[in-house]
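Inspection log for the structure reproduced underneath, given as structure tokens.
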Amino acid sequence: MSNKPILVATHPRACSTAFERVFMTRTDVLHCVHEPFGDAFYFGPERLSGRYENDGQARQESGFANTTYRDVLDGLLNPANSDGKRLFIKDIAHYLLPPHQQPVSIAPSLASNEAKQSASAPQSQRANPTVLPASALREFHFTFLIRHPRRAIPSYYRCTVPPLSTRTGFHKFMPSEAGYDELRRLFDYLLHEGLIQPKSGETANGVNGTGSSALKVTVVDADDLLDKPAEVVEAFCADIGLDYHDGMLKWGDEESQQRAIAAFAKWDGFHDDAIASTELRARVHAKKTPTEKQEDEEWRNKFGEEGQKIIRECVNANVADYEYLKSFAIKV
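Last residue of the sequence shown: number 363 in this note's numbering, and the count goes up by one each step with no gaps.
In structure tokens:
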């Protein structure tokens with residue numbers, strides 16, 4: 032079983048911070064890191080996002096204005112920073128890819144190493160969609176967490192409009208931050224390169240599950256997690272080689288709360304529910320799927336006519352990528 036750093040790749044508003052809190056309980060064997068690549072993506076000299084492009088003050092005040100992708104990667108892979116424990120990283124997949132499917136190249140701070148390593152390496156038929164070298168991607172045990180766009184997109188939109196935007200600092204909804212397209216392209220690249228593989232008997236994009244060296248495909252759907260937290264977390268743990276116990280689903284003690292507050296502080300306003308939580312309990316009733324008309328009415332009441340139109344367009348644009356990834360989800 033792999034002992035590589037675990038990287039849970041996800042998109043915004045996928046209940047991923049609640050999922051992260053489950054593994055923050057395992058201070059005996061895990062060192063958790065919260066969304067490290069966002070520092071370089073939004074604020075650093077190699078930033079891919081245009082959100083703060085014209086706001087130098089915000090970039091400076093973030094404390095990450097000089098943070099490169101190499102800085103983030105080196106910090107993660109330095110054993111001195113993890114106290115000898117296995118890394119558990121939760122991060123947003125689109126922090127590794129240029130938005131809008133723009134042309135991609137390796138981040139400048141990492142490019143020289145990649146040139147040396149790729150000179151003697153066999154060339155892949157599928158281009159690496161990320162700004163990290165393929166050699167860096169191989170360092171991680173990738174897993175995935177998804178949530179239906181009908182739930183994730185309205186939740187993200189709420190973070191980009193008043194009153195919550197006064198805390199988040201995100202004053203405009205950007206559909207490019209939905210993250211499903213990037214998550215799927217990362218998934219497909221890792222699958223094609225053999226870094227993950229379908230479970231035995233499954234096939235995807237011409238890749239079958241007969242290999243032995245690749246890591247299993249592990250995809251968690253947030254609705255499954257909320258309906259059956261113990262079963263889903265136990266299955267996830269089996270895939271990553273971690274023993275499971277029910278105590279992982281509770282974290283109400285003061286030490287755990289303070290640890291969470293400190294870990295999530297840099298993204299104020301995004302993680303209030305996860306910070307306030309004390310456990311992950313199964314929903315009493317499964318979430319009902321509303322009709323499209325009911326959804327539109329709910330979004331119109333909350334966000335106005337323009338907000339409803341923006342959300343609907345973004346939801347519809349991302350359903351296909353979600354459903355593709357959903358086809359690989361853990362079944363319990």
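Glycine included, each C-beta is placed from N, C-alpha and C at the ideal position.
Per-residue DSSP class, three states only, for residue i
i: residue 237; result: For residue 237, the predicted model reports a pLDDT of 48, less than 50, meaning its position is unreliable and no value from the coordinates is stated.
i: residue 45; result: coil
i: residue 281; result: strand
i: residue 319; result: coil
i: residue 152; result: With a pLDDT of 45 at residue 152, under the threshold of 50, the modelled position of this residue cannot be trusted; read the value that follows with caution. The answer is coil: DSSP assigns residue 152 none of H, G, I, E or B.
i: residue 122; result: strand
i: residue 250; result: strand
i: residue 138; result: coil
i: residue 360; result: strand
i: residue 339; result: helix
i: residue 310; result: strand
i: residue 133; result: coil
i: residue 232; result: Residue placement at residue 232 is poorly supported in this model, since its pLDDT is 47, which falls under 50; the coordinates are not used for a value here.
i: residue 83; result: coil
i: residue 263; result: helix
i: residue 109; result: coil
Per DSSP, cross-strand counterpart(s) of residue i
i: residue 117; result: 61
i: residue 68; result: For residue 68, which the question treats as bridged, DSSP gives no partner whatsoever.
i: residue 172; result: 37
i: residue 177; result: 252
i: residue 292; result: Residue 292 pairs with nothing; no bridge assigned.
i: residue 227; result: 246
Separation of residue j from residue i, as counted between CA atoms
i: residue 137; j: residue 207; result: 20 Å
i: residue 353; j: residue 216; result: 12 Å
i: residue 33; j: residue 54; result: 17 Å
i: residue 323; j: residue 188; result: 18 Å
i: residue 62; j: residue 112; result: 9 Å
i: residue 331; j: residue 170; result: 45 Å
i: residue 60; j: residue 280; result: 16 Å
i: residue 82; j: residue 303; result: 22 Å
i: residue 249; j: residue 100; result: 25 Å
Neighbourhood of residue i by C-beta, 6 Å cutoff - its chain only, sequence neighbours within 5 removed
i: residue 317; result: 258
i: residue 37; result: 119, 172, 271
i: residue 39; result: 121, 174, 176
Contacts around residue i, its chain only, beta-carbon distance under 7 Å, and the 5 residues preceding and following it disregarded
i: residue 93; result: 74
i: residue 218; result: 175, 356
i: residue 275; result: 264, 265, 268
i: residue 5; result: Here the chain has residues from 32 to 363 only, and residue 5 is not among them.
Cβ shell of residue i (< 8 Å), same chain only, five flanking positions each side left out
i: residue 67; result: 103, 106, 107, 120, 122
i: residue 184; result: 44, 209, 342, 345, 346, 349
i: residue 305; result: 48, 49, 51, 52, 291, 295
Taking only runs that begin and end inside the segment 191-224, name each unbroken alpha helix (DSSP H) of 4 or more residues, in chain order. Within the segment 191-224, the complete alpha helix (DSSP H) runs of at least 4 residues are 196-199, 211-223.
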